[in-house]
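Per the UniProt record's numbering, the very first residue in the sequence shown carries number 1; after that it's consecutive. This report refers to the structure that appears directly beneath it.
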Amino acid sequence: MATMRAARLNVRTRTLEVKDVPRPVPGRGQVLVRVRAAGVCLSDVHLVEGILRPQYLEGDEVTLGHEVSGEVEELGPDVLTAGVGDRVALQAGQRDRAGKTLTRGVDYDGGWAEYALADEETLVPIPDSLPFDQAAIIPDAVSTPWAAVTATAGVGPAEAVGVWGAGGLGAHAVKLLRLVGAAPVIAADPDPRARERALAFGADAALDSAAPDFTAKVRELTGGRGLDAAFDFAGVPVVREQALRLLGEHGRLVLVGLTDKPLEIRDGTRFSYLRQQVLGHYGSEPEHVVELVELVGAGRLDFAGSISGTFGLEEAPEAVERLEKRIGSPVRLVLEP
1 MATMRAARLN
11 VRTRTLEVKD
21 VPRPVPGRGQ
31 VLVRVRAAGV
41 CLSDVHLVEG
51 ILRPQYLEGD
61 EVTLGHEVSG
71 EVEELGPDVL
81 TAGVGDRVAL
91 QAGQRDRAGK
101 TLTRGVDYDG
111 GWAEYALADE
121 ETLVPIPDSL
131 PFDQAAIIPD
141 AVSTPWAAVT
151 ATAGVGPAEA
161 VGVWGAGGLG
171 AHAVKLLRLV
181 GAAPVIAADP
191 DPRARERALA
201 FGADAALDSA
211 APDFTAKVRE
221 LTGGRGLDAA
231 FDFAGVPVVR
241 EQALRLLGEH
251 GRLVLVGLTD
261 KPLEIRDGTR
271 FSYLRQQVLG
281 HYGSEPEHVV
291 ELVELVGAGR
301 LDFAGSISGT
311 FGLEEAPEAV
321 ERLEKRIGSP
331 VRLVLEP
């Protein structure tokens with residue numbers, strides 16, 4: 001039996017180990033992908049820590065990695081639209097026959113391995129001009145904020161927006177908000193390195209959210225009207241309370257960062273009078289990944305500045321530790337098996 005190396009997480013013991021496992025064989029409608037790049041996400045860190053637990057995983061072990069790109073290595077029976085050698089990114093999840101949404105690298109084996117299985121319909125062709133490391137992070141790291149901006153919040157031109165947390169998702173939100181014409185785009189983060197990155201990604205202003213004059217500066221930048229949309233990528237209650245206070249009329253607060261803490265609307269009268277909204281957001285739909293790949297191909301987007309470091313597959317535990325401790329304030333770290 002052919003084997004391969006894979007980074008496997010035991011969700012019961014929370015042990016991450018790179019080891020030999022059987023190389024998968026594609027079944028009907030599946031392809032085997034030679035993994036060229038796989039992103040390391042904060043969700044992976046949460047899985048290792050036990051904060052996030054799989055809902056539908058069969059057994060105790062899973063190969064991590066929901067941000068994956070590579071080349072089609074082998075075709076299973078009845079594959080109609082893919083060919084050996086095709087360059088592809090993989091959707092971060094899929095629906096099963098019962099209608100459940102399953103996440104790659106969480107509910108079934110992902111791409112922190114030399115090879116990954118993928119259903120044919122989860123393949124997204126990528127152009128030769130798009131490097132594998134940049135292609136890998138589009139599902140989730142880019143598609144999640146893209147869906148939050150365009151679908152959940154419906155941000156339009158000249159709308160004033162605030163982005164709390166300029167890490168992996170928030171930094172891309174800044175870039176995408178500028179693309180759709182939002183103005184001003186205001187980034188909020190206590191980390192000076194994150195603020196510098198937000199400016200490099202296109203923010204009109206990057207402010208320290210812990211500064212005593214933060215609220216006054218946001219109101220000044222919005223001409224006193226407040227924010228049309230605010231995005232919480234930090235998942236911190238104090239951030240959400242701060243963002244709510246800065247919303248203007250018809251303002252939308254979009255909750256992207258995950259937390260199990262409650263949300264409190266302290267001035268319910270003002271919230272109702274201004275007809276504000278709080279909107280939950282999670283992940284993206286397949287069309288969002290396709291749209292982003294097309295925008296890259298059209299020269300509208302470039303994610304070269306998003307890759308903060310690359311690691312070999314055997315270094316997966318080190319990459320997790322660097323992201324967990326935010327060493328170097330990374331946007332995205334990438335494994336190259």
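Glycine included, every Cβ here is placed at the ideal spot set by N, Cα and C. None of these values were measured; they are calculated from a predicted model.
Would you tell me roughly how many angstroms separate the C-alpha atoms of residue i and residue j, rounded to the nearest one?
i: A6; j: R23; result: 9 angstroms
i: I126; j: G283; result: 20 angstroms
i: P190; j: E114; result: 38 angstroms
i: D260; j: M1; result: 44 angstroms
i: Q94; j: T122; result: 7 angstroms
i: G50; j: R326; result: 18 angstroms
i: residue 364; j: G299; result: Since the first residue shown for the chain is 1 and the last is 337, residue 364 is missing from the structure and cannot be characterised.
i: A205; j: L274; result: 25 angstroms
i: E318; j: G268; result: 46 angstroms
i: L102; j: P54; result: 9 angstroms
i: L80; j: L130; result: 24 angstroms
i: S272; j: F303; result: 39 angstroms
i: R225; j: V289; result: 34 angstroms
i: T215; j: V72; result: 51 angstroms
i: A3; j: R14; result: In the sequence as presented, Ala is not what sits at residue 3; that position holds Thr. Those two C-alpha atoms are separated by around 23 angstroms.
i: Q276; j: R97; result: 38 angstroms
i: L42; j: E294; result: 26 angstroms
i: Q242; j: R270; result: 14 angstroms
i: G105; j: V40; result: 11 angstroms
i: G156; j: L221; result: 18 angstroms
i: L9; j: E196; result: 34 angstroms
i: K100; j: W112; result: 23 angstroms
i: D128; j: A82; result: 16 angstroms
i: A200; j: E120; result: 37 angstroms
i: P192; j: T310; result: 23 angstroms
i: I307; j: G328; result: 12 angstroms
i: G70; j: P237; result: 38 angstroms
So residue i and residue j are in contact, right, with Cβ under 8 angstroms, and what is the actual spacing, rounded?
i: G202; j: R178; result: 4 angstroms
i: V33; j: A118; result: 5 angstroms
i: D133; j: Y56; result: Between Y56 and D133 the Cβ distance is about 29 angstroms, and since that is not below 8 angstroms, they are no contact.
i: V163; j: F233; result: 7 angstroms
i: A38; j: G59; result: About 21 angstroms; that fails the 8 angstroms criterion.
i: V278; j: L263; result: 7 angstroms
Short check: CB of residue i to CB of residue j, under 8 angstroms?
i: P77; j: R36; result: no
i: V142; j: V161; result: no
i: V48; j: G110; result: no
i: V21; j: E324; result: no
i: V31; j: L75; result: yes
i: V11; j: V62; result: yes
i: V218; j: V180; result: no
i: G305; j: E336; result: no
i: L176; j: A188; result: no
i: G235; j: L258; result: yes
i: L16; j: A316; result: yes
i: H172; j: P145; result: yes
i: E159; j: A194; result: no
i: L247; j: I265; result: no
i: E285; j: A147; result: yes
i: H281; j: T152; result: yes
i: A198; j: V174; result: yes
i: V18; j: E314; result: yes
Segments of 4+ residues assigned as alpha helix (DSSP H) that fall wholly inside the segment 87-173: 132-137 and 143-147
Touching by the beta-carbon criterion (3+ pairs, under 8 angstroms), the segment 162-174 and the segment 328-336: yes
Continuous alpha helix (DSSP H) assignments of at least 4 residues falling wholly in the segment 241-310: 268-273 and 286-297
Touch test, the segment 85-101 against the segment 130-146, Cβ-Cβ under 8 angstroms, three pairs minimum: yes
Runs of beta strand (DSSP E) lying entirely within the segment 198-229, each at least 3 residues, in chain order: 205-207
The segment 221-240 touching the segment 249-260, judged by at least three CB pairs closer than 8 angstroms: yes
Completely contained alpha helix (DSSP H) runs for the segment 5-92, where each covers 4 or more residues: 42-49
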